[in-house]
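Q: Protein chains in written order, with my numbering: chain V, 3 to 254; chain Z, 3 to 254.
We put the CB at the ideal spot given by N, CA and C, even for glycine.
Let me give you the structure first, and then I'll get to my questions.
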DNA sequence: TCTCCAATAATTGTCAACAATTTATGTTGA
DNA sequence: TCAACATAAATTGTTGACAATTATTGGAGA
């Protein structure tokens, strides 16, 4: 039985934001049943409770969420639109298994867009003040890493990048980076060698420092390196996932 | 009665690509019923047969597409995910009415991302050759404009920007620009003064020339100006749509 | 022992019906 | 004449059932 519900997880002790809770705090629109299912599956994928290639059988999800198949199908089709799952007609929904090309494209866009973001950030007048919450976030990220709280660490690590976009206040950019970070998490879950996690909070801190100093070029170089490092840590996506079980057993 | 089906329109004489037909030609995945409804509504919005604020009643769409409400709801929820329509709980789906903030955000991102694209384009080795289809596209755009074929003109005008991204071969970028262009079309439909259409194909041609010459700065300046011009042509989004009927009668 | 094929089981695609909510209409009273 | 309220109509949210497709199982024949 899949363990999907995340409310009871001990991962929230550090108050790491869920991956799905990135929307504006002012968004007062009521969350529908579909949104609930969408968010829970999304979080499960981000937290790696659901791994790439996993089959998402509608009937199973109905039981988990105590709802009808229609709700599940709606949520799945939206997840497919966001490239979190892939729907194969008449075969069902599977957690996205990024291939080499997709991996390259996502990382290339992350580098391009995040460097672009940095350029816009250093141009802000009161950037130093606005950076303070980010420093706090990095501190929590470090704490999560040291505690071995992997789920909180992943969440905070992603949130860092989205939060940088938040400082610019452009909702379109925020959404784009959110989507890119989510897909990156999936890529890492599929390709990265487990255990070999570098402590990215140091690099995050470095990037913040350079922004605060108004050093656009330095910040961009650091970000570029940070992301390139992450991409290269993938074990040659051409050869498929590291963990052979991912390729064999999950997708039935 | 809404006139939605676009197959019979005379707009296709110039072979302008439909707004929804931007996907890779290699995408062989079978289009489902939901995709058909999604694409047709999408095209109707892009062609301005459906204007911002229009109520999309599920039962009406069922009759138009001869399908069940389930299909329609699925398509609408995906259109909502792409910010083409807005779903108000228990009230229904409406074609998106962009506000001033959203308009600003979309244009800001278009400027940033398209300039970024140009930077990457001039770095390509064989850019001159690859630009040829684009020149052809601009020629057709000019023809459509001179014929007064507004629908083809809008389609080709958008396709130009997406096609530039296509040259880079990054599917993530392509999708982002497609989404941004679609939203821009909606913004223009809502705010722009009709009749006051500048002949953008000249500016498109100019941008191509500068890329071909390897003049990144010049191309970016032209693109920046092109988009800023377009944004400023909006009649002060703070004051709502130009055509008062849009604000009053459509949204019931 | 292996491949091919048929029968069965499981899963997805589609639809129509019912419940909940919102919108429109008509009436009353000041 | 207008606002407030009650009633009726229209629309959306949700569910379960049936048809179509795919996956699995088991057995026959080489």
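For the segment 165 to 183 of chain Z, enumerate the residues whose C-beta is nearer than 8 Å to any C-beta of chain V, in chain order.
A: Going along the segment 165 to 183 of chain Z in chain order, one finds 172, 173, 174, 175, 178, 182 with a Cβ nearer than 8 Å to chain V.
Q: In terms of residues, what are the limits of the alpha helix (DSSP H) holding residue 177 (chain Z)?
A: It spans 173 to 193 - the alpha helix (DSSP H) in which residue 177 (chain Z) sits, taken as one unbroken run.
Q: I need the boundaries of the alpha helix (DSSP H) containing residue 129 (chain Z), first residue and last residue.
A: Looking at the DSSP string, the run of the alpha helix (DSSP H) that includes residue 129 (chain Z) is 129 to 149.
Q: Interface residues of chain V around residue 108 (chain Z) at Cβ under 8 Å?
A: Simply 174.
Q: Is it buried or exposed, residue 135 (chain Z), if we count other Cβ atoms within 10 angstroms and call 16 or more buried?
A: It is exposed - the Cβ of residue 135 (chain Z) has fewer than 16 other Cβ atoms within 10 Å.
Q: Which word fits residue 100 (chain V), buried or exposed, when buried means at least 16 other C-beta atoms lie within 10 angstroms of its C-beta?
A: Under this definition residue 100 (chain V) is a buried residue.
Q: Run down chain V in chain order and give the residues with a C-beta less than 8 Å from the C-beta of residue 80 (chain Z).
A: Per Cβ cutoff of 8 Å: 79, 80, 83.
Q: Along chain Z, in chain order, which residues have C-beta atoms closer than 7 Å to that of residue 159 (chain V)?
A: None at all; the shortest Cβ gap to chain Z is about 20 Å.
Q: Among Z:133, Z:89, Z:232, which residue has its Cα nearest to the Cα of residue 59 (chain Z)?
A: If we check each option's Cα against that of residue 59 (chain Z), Z:89 comes out closest.
Q: Would you report the Cα separation of residue 202 (chain Z) and residue 73 (chain V), rounded to the nearest angstrom?
A: Roughly 44 Å separates the two Cα atoms.
Q: Which residues bound the beta strand (DSSP E) around residue 95 (chain Z)?
A: Note, residue 95 (chain Z): beta strand (DSSP E), 94 to 97.
Q: Assuming residue 124 (chain V) and residue 55 (chain V) are in contact, meaning their beta carbons sit under 8 Å apart, how far apart are those beta carbons, in whole angstroms?
A: The pair is not a contact, with the Cβ atoms about 41 Å apart (cut-off 8 Å).
Q: Determine the chain V residues that contact residue 255 (chain Z) at a beta-carbon separation under 8 Å, and present them in chain order.
A: Past the boundaries of the shown model lies residue 255 (chain Z); chain Z is included only from 3 to 254, so the question cannot be answered.
Q: Counting only Cβ pairs nearer than 8 Å, list the residues of chain Z close to residue 236 (chain V).
A: By Cβ distance, chain Z contributes nothing, its closest Cβ being about 16 Å from residue 236 (chain V), past 8 Å.
Q: Assign residue 224 (chain V) to one of two classes, buried (16 or more other C-beta atoms within 10 Å of its C-beta) or exposed (fewer than that).
A: Answer is buried; the Cβ neighbour count reaches 16.
Q: Roughly how many angstroms lie between the CA atoms of residue 64 (chain V) and residue 161 (chain Z), to the nearest whole one?
A: Distance between the alpha carbons of residue 64 (chain V) and residue 161 (chain Z) is about 41 Å.
Q: Quick check on residue 143 (chain V): buried or exposed, where buried means 16 or more other Cβ atoms within 10 Å of its Cβ?
A: Result: buried.
Q: For residue 3 (chain Z), count neighbouring C-beta atoms within 10 Å of its own C-beta (all shown protein chains included) and say buried if the count is 16 or more, exposed if not.
A: With a pLDDT of 42 at residue 3 (chain Z), under the threshold of 50, the modelled position of this residue cannot be trusted; read the value that follows with caution. Burial call: exposed.
Q: Is there a Cβ from chain Z that is less than 7 Å from the Cβ of residue 76 (chain V)?
A: Interface residue, yes.
Q: Exposed or buried, residue 230 (chain Z), counting other C-beta atoms within 10 Å across all chains shown (16 or more means buried)?
A: Its Cβ having fewer than 16 others within 10 Å, residue 230 (chain Z) is exposed.
Q: Determine whether the Cβ of residue 225 (chain V) lies closer than 7 Å to any Cβ atom of chain Z.
A: For residue 225 (chain V), the answer is no, since every Cβ of chain Z falls outside 7 Å of its Cβ.
Q: Going straight from the alpha carbon of residue 156 (chain Z) to that of residue 187 (chain Z), what length do you get?
A: The alpha-carbon atoms of residue 156 (chain Z) and residue 187 (chain Z) are separated by roughly 8 Å.
Q: Against residue 127 (chain Z), what residues of chain V qualify as contacts under a CB-to-CB distance less than 8 Å, listed in chain order?
A: Simply none; closest approach about 17 Å.
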